[in-house]
Amino acid sequence: MLSHRGRSTAVLAALGLAAVGCDTPEDRPSAWSYVHAAIVRPGCTTAACHSKLGSQAGLDLSTADAAYAVLTGRVCGAPEIPGSPAGNLVLPGHPESSRLMYLLRGEGGAIMPPDVPLPDAEIAIVERWILEGATCD
Amino acid sequence: MRLTRACLVALAVILSAPSRADAYPQFQFALGSERCSACHFAPGGGGLLNDFGRDESGDTLSGRGDGRFAHGAVTLPSWLALGADLRSALVGKQLADQEPELLAFPMQADAYSRITLGPISINLTLGLNGAARGRTAGAAPLTYLASRQHYLGYESASGAVTVRAGRFFPVFGVRSQDHTAYARRYLDQGTLEEPYALELGVSGEDWEGYLAGVLGNPVPSTGAGARASGATAYYERRFGASAVAGNARLAVTDADRKITAGAIGKYWLAGPGLLAIAELDLQHQHFTTTSDARVQLLAFAQLTKPIMPGYMFGVAFQRWAPDLTLRGSSRNALQLDVQVFPWAHVEAHLLTRLEATGGDTTRPNLLALLQLHYYL
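Chains as they are written, first to last, in our numbering: chain F, -15 to 121; chain U, 76 to 451.
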């Protein structure tokens, strides 16, 4: 049985270890519902940016369905239509050709989000979602 | 080139989003007032200054000028309080490997009114939407305006009981006026994320507590769109010139459920004249559709040195870990603040921030934000 001090130390140690982080992006789901709720919504949909109100560059990413349609050119749940989405933002299966990846990494001049870029770990999750077909799951 | 220009516009839009004119938590204890409501009408601080707050802004803070509405040129009836905030900004930034950028823009234009009818007050804020300049052609004129706060308030004769109903941020966290602070951006207190809420506040000699039920903004065009519904709780206990507080929150959307627990500490070191403020929050986020979950952490620690009248210097550390166990997902920032209050109604604030994203300290992001602030 740990003493009170022992328990406190254990909790602090666990917090310290957790703060370092040991999981990799492969340990996270690549489902769109997760990608949107965990990365797109908190990172991109602030009021002045890609919220319904802001819709900068005409992009409303505020809901999972709206964001999916904007990024992939497909309607979530509807049969897929062959062809590239507008602006080539996301080409399912091809992160190397998806403009979204260039924007997130700031390759080619612009970077998104423009004030606080996403960490590589989150970009890797987005990349895996595209690589695995960018499905609306 | 087109992308770079778009990026600059986007950055300007983000930083120009109207920040609520919140309480400056650095003033608590440091300037002699023990609670936010000493200077603000709102029980948890923020928004319009009351008569004492206006006097303090002219006397203690600036040492010169008349802090009253319109510099004392207009005397309002006792049942009416008016005010306004205007901010412009000059921003320099360099993100990792990107080219440095410099831009200037108007940042905030908000007007405030408060009508008091006995214990009841009607509080209304109306201003320009920060996204207005980036709006696509043909947008409805009304979407250029934003009302961040509009609520009915009740305050008992002693001031010990308050009730608010409407749109506002319930009392939670350190409530910084800096809308880029992690504690605001990542804990759903960002620009125009004010929810609709019903809040009960009760205070005693050396404590105050708040409970609120929150309805995620049901009118998407008024702000950041549908946000979380749930509840918040905040309790603060003061011990002389220091305070400890705890807060908790439940926030539910159609995609996730967050449960937050946090602690805040404020300690005034009278000897060196330093105010220490710290906040630590742990948040459990459960994703409804995938049944996954993650633990998030927000940490904030700040040392402030006021040299009154006229100057305030601060150094702060911020950490946001959106997924504690995911390696390389956190961001840490070291921030320096220099604030100058040359005379009543005027503030210049230089914020510089060095930020490491994903634990990579070799390619930090650098942000310098100079705000010129005038309030009526």
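Beta carbons are placed, not taken as given, at the ideal position from N, Cα and C, and that holds for glycine.
DSSP three-state label for residue i, please.
i	result
U:Ser188	strand
F:Ala129	With chain F covering only -15 through 121, there is no way to say anything about residue 129 of chain F.
U:Gly107	coil
U:Phe144	helix
F:Glu82	Rather than Glu, the amino acid found at residue 82 of chain F in this sequence is Ser. DSSP places F:Ser82 in coil when its eight states are reduced to three.
U:His359	strand
U:Gly121	coil
U:Trp395	strand
U:Pro381	strand
U:Pro100	helix
U:Gly433	coil
F:Asp11	helix
F:Thr56	helix
U:Arg406	strand
U:Gln414	strand
F:Trp113	helix
U:Ser366	coil
U:Ala207	Reliability of the predicted coordinates at U:Ala207 is poor, the pLDDT of 49 falling under 50, and the value obtained from them is presented with this limitation in mind. U:Ala207 falls in the helix class under three-state DSSP.
U:Val149	coil
U:Ala232	coil
Would you verify that the beta carbon of residue i is, or is not, closer than 9 Å to some beta carbon of chain U?
i	result
F:Tyr52	no
F:Ile114	no
F:Gly100	In the sequence on display, residue 100 of chain F carries Val and not Gly. Closer than 9 Å: yes.
F:His78	no
F:Ala118	no
F:Cys6	yes
F:Thr56	no
F:Ser17	yes
F:Gly90	yes
Chain F beta carbons: is any one of them nearer than 9 Å to that of residue i?
i	result
U:Phe144	no
U:Gly489	It is not possible to answer for residue 489 of chain U, since the shown part of chain U is limited to 76 through 451.
U:Glu354	no
U:Asp435	yes
U:Pro439	no
U:Asp398	yes
U:Thr364	yes
U:Arg129	no
U:Arg57	With chain U running from 76 to 451 in the structure shown, residue 57 of chain U is simply not present.
U:Gly305	no
U:Leu170	yes
U:Asn322	no
U:Ala330	yes
U:Gly265	yes
U:Ser317	no
U:Thr427	no
U:Tyr261	yes
U:Ala96	Note that U:Ala96 scores a pLDDT of 42, beneath 50, so its modelled location is shaky; the value from the coordinates is reported in the next line. No, U:Ala96 does not count as interfacial toward chain F.
U:Gly403	yes
For residue i, which option in the options has the closest C-alpha, if you only look at C-alpha atoms?
i	options	result
U:Gly340	U:Tyr310, U:Arg139 and U:Arg428	U:Tyr310
U:Ala117	U:Ser137, U:Ile190 and U:Ala148	U:Ile190
F:Gly93	U:Leu178, U:Gln183, U:Phe180 and U:Asp172	U:Asp172
U:Asp160	U:Gln183, U:Pro245, U:Glu430 and U:Leu325	U:Gln183
U:Gly337	U:Phe247, U:Ala318, U:Ala396 and U:Ala326	U:Phe247
U:Pro439	U:His448, U:Arg428, U:Leu447 and U:Gln446	U:Arg428
U:Tyr271	U:Ala186, U:Phe375, U:Thr307 and U:Val319	U:Thr307
U:Gly414	U:Met387, U:Thr436 and U:Pro397	One point to set straight first is that residue 414 of chain U is Gln, not Gly, in the sequence displayed. Cα-wise, what sits closest to U:Gln414 is U:Met387.
F:Ala31	U:Gln101, U:Gln264 and U:Val149	U:Gln264
U:Thr364	U:Val327, U:Ala345 and U:Gln393	U:Val327
U:Asp331	U:Ala323, U:Ala320 and U:His361	U:His361
U:Arg406	U:Trp418, U:Gln393, U:Thr400 and U:Leu262	U:Gln393
Please classify residue i as buried or exposed, where buried requires at least 16 other C-beta atoms within 10 Å of its C-beta.
i	result
U:Val289	buried
U:Phe314	exposed
U:Glu269	buried
U:Ala96	Low confidence applies to U:Ala96: its pLDDT is 42, below 50, so where it sits in the model is not reliable, and the reading given next is rough at best. Label assigned to U:Ala96: buried.
F:Ser14	buried
U:Glu354	buried
F:Thr8	exposed
U:Ser153	exposed
U:Tyr187	buried
F:Thr47	buried
U:Asp412	buried
U:Leu41	Residue 41 of chain U lies beyond the stretch modelled for chain U, which goes from 76 to 451, so this question has no answer here.
F:Cys6	exposed
Looking at the unbroken beta strand (DSSP E) that takes in residue i, where does it start and where does it end?
i	result
U:Ala323	Ser317 to Val327
U:Ile462	For chain U, the structure presents residues 76 to 451; residue 462 of chain U sits outside this window and is missing.
U:Asp134	No beta strand (DSSP E) contains U:Asp134, which DSSP labels as neither H nor E.
U:Ala240	Val236 to Arg242
Could you spell out the range, first to last residue, of the alpha helix (DSSP H) harbouring residue i?
i	result
U:Phe127	Asp126 to Glu131
F:Ser17	Trp16 to Val19
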